[in-house]
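Okay, so the sequence shown: first residue is 106 according to the working numbering, each after it adds one. Just so it is clear, CB atoms sit at the ideal spot from N, CA and C, and this is done for glycine as well. Since the model is a prediction, treat every value here as computed from it, not as a measurement. This report concerns only the one structure given below.
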Amino acid sequence: MYGRNKQKMQRGFKTSREAKKAEAEFITSIDNMFSDQVTIQEVFEHNIKHKALKEKTITRRTNEYNLHIKPFFGHIKIKDLNTNHFLEFKTYLEKHFTSLNSARTVYSNLKVIVNHAIKFFGLRVDPSISIDPIKRIKPEIEIIKLAEFKERVNHEALDLHYYRQMTMLIFFTGLRVGEALALQWQFVDLEKNQIYIKHTWDFNKKKLGRPKTEASEAFVPLPKFITKLLVQMKKESEEKIYGFKENNNEYFVFGGLAPYHYSHYHKKYKQAFPELRIHDLRHSYAAHLINKKVDIYLVKELMRHDDIKQTSNTYGHLYVERKHEAMHVFDD
């Protein structure tokens, strides 16, 4: 009805009966809402409620909607949408944001709402289809070489707590900072020299959340000297924290029953690496692997990317020298 297409429902149902019930409620909610009077506000609320999204994504999209999309579109009925609405909104975003990528993210949020209206609420044509999308600007990647990192990680600002060890873990494993903060001892296998990424730390909600992608949830191998660092940290925690030795599963590697405060760590980190984002340590990890001739497919696995295209698009430029080396096979 109304050109409605099928869409994946939220996952995680224990029984097929629960899944069918949820699907029936989903379809009923559409039937109850459909009319010429449906507004963008109502479509957005329906989309957020019935899509399987992480809390972090819901928070981001809701904030973007309330700050930017709602003032322009919230009151407009979907049948009254026209191309000029989108042109004006695109112009506003490009002027408002200093980063075109941020503007693009908000515009994409609006497009999700429009597509939802087409699939489920009878909107026949996308009024923005003739408008060029906001261009994505590929951010420049900053990296630090191994020798320089080893020197600067000894900065006195990182003497506090286990800030130095955390910085080293990020650099030598490619962890995201949220994954490092969320790491608990129950997911550290010192015998096998590996850790398991099960969570990330939600900085807004101050609680554990799901990893960035399904591929992010995987085991990460450790260099042996990093394992030794963790062994020493665990030994010290057993000596200092009452009850840790008997039951350490819930303890965070970088913290106690709660992880370190990100803002404080970030402040100290910036004293040692003022020109580098923490995430640049992850990029530096990948760059070091590539410089050591690690195959790009293995780099993809170690970075826990969803697909090889993401790895190639991000780090392909680092393979220029390798491309020239490949030509040596014709010179032999």
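Discussion item. Going by beta-carbon coordinates alone, are I248 and H388 separated by less than 7 Å?
Written reply: yes
Practice prompt. Flag this pair as yes or no: are the beta carbons of A222 and L228 separated by less than 7 Å?
Written response: The Cβ-Cβ distance between A222 and L228 falls below 7 Å.
Discussion item. DSSP three-state label for L313, please.
Written reply: strand
Worksheet item: Which of the three DSSP states, helix, strand or coil, is assigned to I401?
Response: Three-state DSSP puts I401 in a helix.
Worksheet entry | For I300, the residue or residues it bridges with in DSSP | V293, V325
Worksheet item: Using the rule of at least 16 other Cβ atoms within 10 Å of the residue's Cβ for burial, across every protein chain shown, is V258 buried or exposed?
Response: V258 is buried by the Cβ-count criterion.
Fill in: Pairwise C-alpha distance: K329 and H371
26 Å
Worksheet item: Does DSSP put D385 in a helix, a strand or coil?
Response: helix
Discussion item. Between which residues of its own chain and Q142 is the CB-CB distance below 7 Å, once the five residues before and five after are set aside?
Written reply: Excluding sequence neighbours, Q142 sits near K182.
Worksheet item: If you follow the alpha helix (DSSP H) that T164 is part of, which residue opens it and which one closes it?
Response: Residues 160-169.
Worksheet item: Can you give the Cα-Cα distance for L172 and I331, rounded to whole angstroms?
Response: 44 Å
Fill in: Integer Cβ distance of H260 from A377, believed to fall under 8 Å
4 Å
Fill in: Runs of alpha helix (DSSP H) wholly within the region 197-247 (minimum 4 residues, chain order)
205-225
Practice prompt. Just the C-alpha distance for H180 and K317, rounded to the nearest angstrom, thanks.
Written response: 33 Å
Practice prompt. Determine the closest residue to W290 out of K312, N353, Y268, with distance taken between C-alpha atoms.
Written response: N353
Fill in: Collapsed DSSP secondary structure at F349 in the structure displayed
coil
Item to complete: Classify N152 as buried or exposed, calling it buried when 16 or more other Cβ atoms lie within 10 Å of its own Cβ.
Response: buried
Item to complete: Can you say whether K195 is buried or exposed, counting buried as having 16 or more other CB atoms within 10 angstroms of its CB?
Response: buried
Fill in: beta strand (DSSP E) segment containing T88, residue limits
Since the first residue shown for the chain is 106 and the last is 437, residue 88 is missing from the structure and cannot be characterised.
Worksheet item: Per DSSP, what kind of secondary structure is F359 in: helix, strand or coil?
Response: coil
Worksheet item: Given S321, which residues of its chain have a CB within under 7 Å of its CB, disregarding the five upstream and five downstream residues?
Response: I302, R409
Worksheet item: Counting pairs of beta carbons, one from the region 274-292 and one from the region 303-312, are three or more of them closer than 8 Å?
Response: yes
Discussion item. Can you tell me where the alpha helix (DSSP H) holding T416 begins and where it ends?
Written reply: T416 -> alpha helix (DSSP H) spans 413-420.
Fill in: Cutoff 6 Å; reference Y367; Cβ partners in own chain excluding five residues on either side
F308
Fill in: Spatial distance of N189 from L381 (CA atoms)
41 Å
Practice prompt. Say whether the region 198-217 touches the region 239-254, bearing in mind that this needs 3 or more beta-carbon pairs closer than 8 Å, one atom from each stretch.
Written response: yes
Worksheet item: Expressed to the nearest angstrom, what Euclidean distance is found between the alpha-carbon atoms of L177 and P244?
Response: Looking at the sequence shown, residue 177 is not Leu but Phe. Each residue's Cα considered, the two are about 29 Å apart.
Worksheet item: Excluding the five sequence neighbours on either side, which residues of its own chain have a C-beta within less than 7 Å of the C-beta of K310, listed in chain order?
Response: Cβ neighbours of K310 beyond the five flanking positions: E160.
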